[in-house]
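Visitor: Here it is, the structure in full.
2 protein chains.
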Amino acid sequence: MGINIYDVAQNAKVSSATVSRVINGSPHVREETKAKVMQSIKALGYTPSALARNLSTGDTHNIGFLVPDIENPFFSMILSGISKAADEYGYNIFIFNTADDAGKECRFLEAARAERLRGLLVIPVDSRNETTYKQLRSFVQDGVPVVLVDRDLRDGRFDGVYSEDFFGSMQAVSCFLEEGHRRIAIINGPENSRPGNERWRGYKEALSKWEIPLQMQYVKQGDFHQERAYDAMAELMCMEHPPTAVFSSNNLTSLGCIRYALEHGLSIGEDISLIGFDDIELLQAVGIQLSVVDRDTSQMGWKAMKLLIRRMHKAGEDDTAASEIYMPTKLILRGSEKWRRSHGTV
Amino acid sequence: MGINIYDVAQNAKVSSATVSRVINGSPHVREETKAKVMQSIKALGYTPSALARNLSTGDTHNIGFLVPDIENPFFSMILSGISKAADEYGYNIFIFNTADDAGKECRFLEAARAERLRGLLVIPVDSRNETTYKQLRSFVQDGVPVVLVDRDLRDGRFDGVYSEDFFGSMQAVSCFLEEGHRRIAIINGPENSRPGNERWRGYKEALSKWEIPLQMQYVKQGDFHQERAYDAMAELMCMEHPPTAVFSSNNLTSLGCIRYALEHGLSIGEDISLIGFDDIELLQAVGIQLSVVDRDTSQMGWKAMKLLIRRMHKAGEDDTAASEIYMPTKLILRGSEKWRRSHGTV
DNA sequence: ACCCCTCATGGAAGCGATTTCATATTGTAA
DNA sequence: TTACAATATGAAATCGCTTCCATGAGGGGT
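Chains A and B, in that order, are what the protein sequence lines are. Residues 1 to 346 (my numbering) are what the first sequence spells out, left to right. Residues 347 to 692 (my numbering) are what the second sequence spells out, left to right.
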């Protein structure tokens with residue numbers, strides 16, 4: 001660029017202080033002077049440097065968003081919600097794709113610190129990572145608020161926006177039970193993530209309420225990805241007494257299940273029942289009626305950003321306890337939870 | 347934070363200049379001094395302010411990415427490629443979701459200017475927008491390189507990474523023709539976008555090569571979204587002589603077509619043929635074999651970022667002509683291009 | 001022993017804003 | 001007309017770095 005506030009000042013025959021006042025809408029500027037300055041700004045095509053301003057005021061309008069996998073539509077939705085709120089309040093977003101790599105996550109947090117970001121929205125890679133935890137704590141201590149999204153971190157000392165994973169999962173499994181299912185499998189999410197754990201807890205809780213014993217052979221460890229779910233399905237379906245229903249703990253997992261079923265001629269909602277966590281819009285376009293536990297994902301991002309903004313605005317006020325928001329889930333039944341009982345009862 | 351280079355200097359009993367040299371790896375520092383400084387840095391937990399550095403050097407490591415719809419998986423893939431390359435070279439990404447709104451686009455470009463971004467990756471909202479065009483030109487003139495991705499802007503004066511839309515489209519339609527189709531419909535993309543136009547040109551070219559007259563009743567204007575495509579399909583299929591094949595010009599459009607077909611009992615690859623532009627991974631999980639014109643989307647983002655980096659590094663060198671990269675497309679045939687001829691021939 | 005060159009380091013001037021404090025100007029009441 | 005308050009403006013310090021220039025300390029060649 002090359003053109004700065006002094007050039008404008010000179011052109012308008014005023015001091016830089018006055019130009020600054022005009023830019024920032026200070027009331028103590030004569031209309032006439034203001035007009036003169038504005039005109040110089042236009043004439044020279046001047047845009048104030050946010051860098052210089054930030055350095056001077058010690059205060060940026062930039063926040064960071066750390067996300068484990070930007071390709072996952074679920075996270076894209078969150079980002080979409082975030083960016084809506086950010087735009088509304090004039091914040092800019094640094095995006096950091098941690099690619100499920102804790103090392104990268106650390107590096108990005110360093111970058112965030114260097115950039116003196118005003119706040120951080122984080123979907124941590126690993127709920128138990130000590131380094132991440134320490135780094136985030138130190139951000140908070142330095143007055144840079146942190147809001148976790150969807151996944152938590154060790155203890156409850158961070159603000160966060162999560163969903164009712166436990167309840168949603170319990171509801172789904174209860175639905176299976178009401179349908180008459182007794183051999184209900186679950187394909188779990190990673191153990192080091194809140195959603196994985198809570199959904200697993202919900203599963204156990206539902207069984208326990210119905211006094212159905214937990215049978216570990218119906219519990220498969222997944223990783224929120226398609227491949228592993230497919231393999232898990234294969235194992236389940238080859239059992240002597242295969243499950244009659246499967247609860248899949250995220251969107252990609254559901255896809256793996258569906259693929260297996262289709263490839264092996266199992267009709268979903270007849271031969272095998274399926275409920276997934278998180279809706280998959282596409283499925284409806286292709287005529288697959290999958291029952292799911294859904295939540296408003298974009299809204300999660302929006303709320304997280306709102307919460308962050310609230311924290312940023314009242315920074316310095318003494319730490320009110322971490323506030324956690326839980327998004328409600330909704331069980332959407334489309335038929336895949338049904339089954340032809342005859343098949344199941346051996 | 348509060349702790350700066352002077353604190354470190356004082357702690358290590360050297361000058362700020364020396365600390366700066368250590369940080370930036372200048373060779374003119376004694377090992378012993380260097381060690382002392384490093385230790386102070388550790389001890390105080392010092393992170394240099396990128397803001398101050400940027401202001402001082404007039405040079406940030408931040409680039410901007412303007413994208414029309416972050417929820418669209420196609421754009422997520424591009425972002426993914428970008429962020430991979432950015433990470434590799436230590437660049438940070440500001441993301442701006444323009445939400446298909448030219449007004450927002452302008453505002454974001456202002457913000458980008460204020461932040462003194464080093465370079466810009468842009469998927470313009472509207473290929474013909476005058477304001478966007480002028481703003482981007484002025485960035486380039488000010489030494490801030492701009493690389494367009496997927497969509498272009500009026501003339502060829504910008505760097506850009508596109509794909510072989512024309513060729514890909516022509517190939518798809520030619521494939522239909524070889525299959526024996528003669529009534530081939532197209533659901534077009536928006537007229538103000540390069541992909542829309544080029545794919546439309548490819549369609550016409552293929553027909554013309556085969557000396558098939560262009561029949562406008564088989565040409566439907568779409569908008570790259572599902573709903574409109576669905577409606578277009580409805581119109582096409584209700585015609586007296588409906589098309590036997592449909593070429594759909596992007597991923598969402600294909601979904602609209604598929605949904606229509608499924609809902610109306612049309613078997614794809616038998617009753618109606620379909621080829622889409624851009625692959626949809628999910629479809630295979632659910633057993634729908636859609637033939638598509640595909641390209642490496644993530645790679646597009648990667649290449650765009652690489653090109654941008656090249657430009658940024660040799661900024662100031664006299665303007666070599668704009669360089670345009672065209673990603674090859676690949677026709678992937680999975681069967682949906684077939685048909686039961688008997689149905690088609692009236 | 002002298003001179004010159006190289007290398008390590010410090011002093012201080014920017015970079016481009018904001019902001020405090022001081023000053024000049026204007027208005028108004030006595 | 002004087003005096004004091006309110007208002008408009010400028011000078012200069014500051015934010016935290018980088019970097020140019022100056023200076024001092026060694027080292028080698030003659």
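Each residue gets a CB set at the ideal place from its N, CA and C atoms; glycine is no exception. Just so it is clear, the structure is predicted and the values come from calculations on it, not from any experiment.
Quick check on the DSSP output: the alpha helix (DSSP H) that includes A:Y6 runs from which residue to which?
Guide: Sequence index remark: in the first sequence, residue 6 of chain A carries index 6 (1-based). From DSSP, the alpha helix (DSSP H) with A:Y6 extends over I5 to A12.
Visitor: Under the rule that 16 or more other beta-carbon atoms within 10 Å means buried, what is B:G690, buried or exposed?
Guide: As a working note, residue 690 of chain B is residue 344 in the second sequence. Residue confidence is low: B:G690 scores 46 on pLDDT, short of 50, so the model does not pin down where it sits. Its coordinate-derived value is still stated next. Per the 10 Å Cβ criterion, buried.
Visitor: Distance, Cα to Cα, A:C238 vs A:Y218?
Guide: To locate residue 238 of chain A, count along the first sequence from 1; it is residue 238. To locate residue 218 of chain A, count along the first sequence from 1; it is residue 218. A:C238 and A:Y218: Cα-Cα distance of roughly 12 Å.
Visitor: Report the neighbours of B:I634 on chain A: residues whose CB is nearer than 7 Å to its CB, in chain order.
Guide: Sequence index remark: in the second sequence, residue 634 of chain B carries index 288 (1-based). Ordered by position in chain A, the residues that pass the 7 Å Cβ test against B:I634 are V286.
Visitor: Once DSSP output is grouped into helix, strand and coil, what is the label at A:G355?
Guide: The question about residue 355 of chain A has no answer here: the residues shown for chain A are numbered 1 through 346.
Visitor: Give the C-beta separation of B:E461 and B:D511 to the nearest angstrom, bearing in mind that I take them to be a contact with Cβ-Cβ under 8 Å.
Guide: Counted from its first residue, the second sequence places residue 461 of chain B at position 115. Counted from its first residue, the second sequence places residue 511 of chain B at position 165. The Cβ separation is near 32 Å, so there is no contact.
Visitor: So, are the CB atoms of A:V8 and A:V29 less than 9 Å apart?
Guide: If you number the first sequence from 1, residue 8 of chain A lands on position 8. If you number the first sequence from 1, residue 29 of chain A lands on position 29. The answer is no: Cβ separation not under 9 Å.
Visitor: For A:Q135, does the count of other Cβ atoms within 10 angstroms reach 16, so buried, or fall short, so exposed?
Guide: Start at 1 with the first residue of the first sequence, and residue 135 of chain A comes out as number 135. A:Q135 is buried by the Cβ-count criterion.
Visitor: Counting only beta-carbon atoms, is A:Q226 nearer than 9 Å to chain B?
Guide: Here residue 226 of chain A refers to the residue found at position 226 of the first sequence. True, the Cβ-Cβ gap to chain B drops below 9 Å.
Visitor: Can you give the Cα-Cα distance for B:V486 and B:R464, rounded to whole angstroms?
Guide: Locating residue 486 of chain B in the second sequence gives position 140, where the first residue counts as 1. Locating residue 464 of chain B in the second sequence gives position 118, where the first residue counts as 1. Straight-line Cα distance between these residues: approximately 11 Å.
Visitor: If contacts are defined as beta-carbon pairs under 8 Å, then B:I621 and B:F522 qualify, I think. What distance do you get, rounded to the angstrom?
Guide: Residue numbering aside, residue 621 of chain B sits at position 275 when the second sequence is read from its first letter. Residue numbering aside, residue 522 of chain B sits at position 176 when the second sequence is read from its first letter. Sure, about 7 Å apart at Cβ, within 8 Å.
Visitor: Would you verify that the beta carbon of B:D433 is, or is not, closer than 9 Å to some beta carbon of chain A?
Guide: As a position in the second sequence, residue 433 of chain B is number 87, starting the count at 1. Closer than 9 Å to some Cβ of chain A, the Cβ of B:D433 qualifies, so yes.
Visitor: Can you confirm whether the region 180-190 of chain A touches the region 151-160 of chain A when touching is taken to mean that 3 or more C-beta pairs between the two stretches lie within less than 8 Å?
Guide: No, they do not touch.
Visitor: Return the residue from the list B:G615, B:E670, B:T478 and B:S426 that minimises the CA-CA distance to B:T444.
Guide: On the second sequence, residue 444 of chain B is found 98 positions in, with the first residue counted as 1. The residue with the shortest Cα to Cα distance from B:T444 is B:T478.
Visitor: Quick check: what's the CA-CA separation for B:K652 versus A:S16?
Guide: Locating residue 652 of chain B in the second sequence gives position 306, counting from the first residue. Locating residue 16 of chain A in the first sequence gives position 16, counting from the first residue. For B:K652 and A:S16, the distance between alpha carbons rounds to 40 Å.
Visitor: Quick check for students: name the residue ranges of the beta strand (DSSP E) that lie wholly in the region 67-139 of chain A, counting only runs of 3 or more.
Guide: Listed in chain order, the complete beta strand (DSSP E) runs (minimum 3 residues) inside the region 67-139 of chain A are 92-97 and 119-122.
Visitor: Is the separation between the beta-carbon of A:N192 and that of A:S248 shorter than 9 Å?
Guide: Within the first sequence, numbered from 1, the residue matching residue 192 of chain A stands at position 192. Within the first sequence, numbered from 1, the residue matching residue 248 of chain A stands at position 248. Cβ atoms of A:N192 and A:S248: not closer than 9 Å.
Visitor: At least one CB of chain B closer than 9 Å to the CB of A:R113: is that the case?
Guide: As a first step, residue 113 of chain A is located in the first sequence; it is residue number 113 there, counting from the start. Chain B, which has a Cβ nearer than 9 Å to the Cβ of A:R113, makes this yes.
Visitor: Got a sec: is the Cβ-Cβ distance from A:A50 to anything in chain B below 9 Å?
Guide: Residue 50 of chain A sits at position 50 when you count from the first residue of the first sequence. Taking Cβ atoms only, chain B reaches closer than 9 Å to A:A50, which makes this a yes.
Visitor: In three-state DSSP terms, what is A:D294?
Guide: Residue mapping note: residue 294 of chain A aligns to position 294 of the first sequence, counting from 1. Reduced to three states, the DSSP call for A:D294 is strand.
Visitor: Would you list, in sequence order, the uninterrupted alpha helix (DSSP H) runs of no fewer than 4 residues that lie entirely inside the region 599-640 of chain B?
Guide: Counting only runs of 4 or more, we get 627-631.
Visitor: Quick check on A:D155: does DSSP put it in helix, strand or coil?
Guide: Working through the first sequence from its first residue, we reach residue 155 of chain A at position 155. It is a strand residue.
Visitor: Restricting to Cα atoms, I'd like to know which of A:L331, A:A12 and A:S26 is closest to A:A35.
Guide: The residue you call residue 35 of chain A lines up with position 35 of the first sequence. With distances taken between Cα atoms, A:A35 lies closest to A:A12.
Visitor: Could you compute how far the alpha carbon of A:V67 sits from the alpha carbon of A:P124?
Guide: Here residue 67 of chain A refers to the residue found at position 67 of the first sequence. Here residue 124 of chain A refers to the residue found at position 124 of the first sequence. Their backbone Cα atoms lie some 7 Å apart in a straight line.
Visitor: Got a sec, what are the start and stop residues for the beta strand (DSSP E) B:S594 sits in?
Guide: For this step, residue 594 of chain B is matched to residue 248 along the second sequence. Counting along the chain, the beta strand (DSSP E) containing B:S594 begins and ends at A591 to S594.
Visitor: In angstroms with no decimal places, state the Cα-to-Cα distance between B:H571 and A:V14.
Guide: Within the second sequence, numbered from 1, the residue matching residue 571 of chain B stands at position 225. Within the first sequence, numbered from 1, the residue matching residue 14 of chain A stands at position 14. If I take the Cα positions, the gap works out to 53 Å.
Visitor: Taking Cβ positions, are A:T347 and A:F277 nearer each other than 9 Å?
Guide: The requested residue 347 of chain A does not occur in the structure, where chain A is confined to residues 1 to 346.
Visitor: Got a sec? Which residues, its chain only, sit under 6 Å from A:S348 by beta carbon, not counting five neighbours each side?
Guide: A query on residue 348 of chain A cannot be resolved here, the shown segment of chain A reaching from 1 to 346 and no further.
Visitor: Should B:F440 and A:I82 be called a contact, given that it needs their Cβ atoms to be closer than 9 Å?
Guide: By one-based count along the second sequence, residue 440 of chain B stands at place 94. By one-based count along the first sequence, residue 82 of chain A stands at place 82. No. Outside cutoff.
Visitor: Inspect the beta-carbon positions of A:V293 and A:I332 and report whether they are closer than 9 Å.
Guide: Within the first sequence, numbered from 1, the residue matching residue 293 of chain A stands at position 293. Within the first sequence, numbered from 1, the residue matching residue 332 of chain A stands at position 332. Result yes, Cβ atoms of A:V293 and A:I332 sit closer than 9 Å.
Visitor: Would you mind reading off the limits of the alpha helix (DSSP H) that contains A:E31?
Guide: Locating residue 31 of chain A in the first sequence gives position 31, where the first residue counts as 1. Residues E31 to L44.
Visitor: Using the three-state DSSP reduction, which class does A:G160 fall into: helix, strand or coil?
Guide: Looking up residue 160 of chain A in the first sequence gives position 160. Note: A:G160 maps to strand in three-state DSSP.
Visitor: Exposed or buried, what is B:A575 when buried is set at 16 or more other beta-carbons lying within 10 Å of its beta-carbon?
Guide: In the second sequence, residue 575 of chain B corresponds to position 229, counting from 1. Answer is buried; the Cβ neighbour count reaches 16.
Visitor: Less than 8 Å between the CB atoms is what I'm expecting for B:I424 and B:T643, so what's the real figure, rounded?
Guide: Counting from one through the second sequence, the residue named residue 424 of chain B turns up at place 78. Counting from one through the second sequence, the residue named residue 643 of chain B turns up at place 297. Indeed they touch by this definition, with Cβ atoms about 6 Å apart.
Visitor: Taking B:Y352 as the reference, give the member of B:E377, B:N370 and B:I387 with the closest Cα.
Guide: Translated into positions along the second sequence, residue 352 of chain B becomes position 6. Ranking B:E377, B:N370 and B:I387 by Cα distance to B:Y352 puts B:I387 first.
Visitor: Under three-state DSSP, which class holds B:A490?
Guide: Numbered from its first residue, the second sequence carries residue 490 of chain B at position 144. In the sequence as displayed, the identity of residue 490 of chain B is Val instead of Ala. Looking at B:V490 - three-state DSSP - the assignment turns out to be coil, as it is neither helix nor strand.
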